[in-house]
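End of the sequence shown = 548 in the working numbering, gap-free, step of one. Note that the Cβ used here is the ideal one computed from N, Cα and C, for glycine as well. Remember, it's a predicted structure, so these values are computed and weren't measured experimentally.
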Amino acid sequence: MNEIHALDRLFATIAARKAGGDTDQSYTAKLLSQGVEKCAKKFGEEAVETVLASVSGDKQHLAAESADVLYHLLVLWAAAGITPDDVYAVLRAREAQSGLAEKASRKS
């Protein structure tokens with residue numbers, strides 16, 4: 441299975457929940473209905489859990505928390521009005537330069 445396509449499929453499901461999901465039946469719809477701030481907070485919580493799992497040495501736990509953080513990142517994107525294509529475009533633009541050069545270009 442192509443993982444990029446899996447993320448795109450998951451985002452499509454999230455976008456559908458945003459467009460008309462039942463908040464009594466869908467965790468995603470309920471989370472999105474609470475706004476970008478709540479989605480950002482939940483993403484942050486999941487990111488911390490992922491960091492903690494990474495230092496625990498438990499690869500299965502890290503994989504599970506990573507799946508959670510990816511899901512919540514996609515929910516945050518939907519809440520904020522961006523799509524995976526928006527992010528992919530930024531990544532494509534950065535491919536031609538080194539990470540150090542790209543990071544230096546952002547300093548002001």
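From what residue to what residue does the alpha helix (DSSP H) around residue i run?
{"i": "GLN465", "result": "First-last for GLN465: undefined, no H or E at that position."}
{"i": "ASP526", "result": "524-534"}
What's the C-alpha gap between residue i and residue j?
{"i": "GLY539", "j": "ASP526", "result": "19 Å"}
{"i": "VAL515", "j": "ALA541", "result": "30 Å"}
{"i": "ALA452", "j": "ARG546", "result": "31 Å"}
Which of the three DSSP states is assigned to residue i in this structure?
{"i": "GLN383", "result": "Only positions 441 to 548 of the chain appear in the structure, and residue 383 is not among them; the question remains open."}
{"i": "ARG546", "result": "coil"}
{"i": "GLY475", "result": "coil"}
Within 8 Å of any Cβ in chain C, is that where the Cβ of residue i sits?
{"i": "LEU492", "result": "Here there is only one protein chain, and chain C is not present."}
Which residue's Cα is closest to the Cα of residue i: the options?
{"i": "HIS501", "options": "LEU510, ARG449, THR490", "result": "THR490"}
{"i": "ALA459", "options": "ALA519, GLU535, SER496", "result": "ALA519"}
{"i": "ASP484", "options": "GLY521, LEU513, ILE522", "result": "The question names Asp, but residue 484 is Gly in the sequence shown. When only C-alpha atoms are compared, the closest one is LEU513."}
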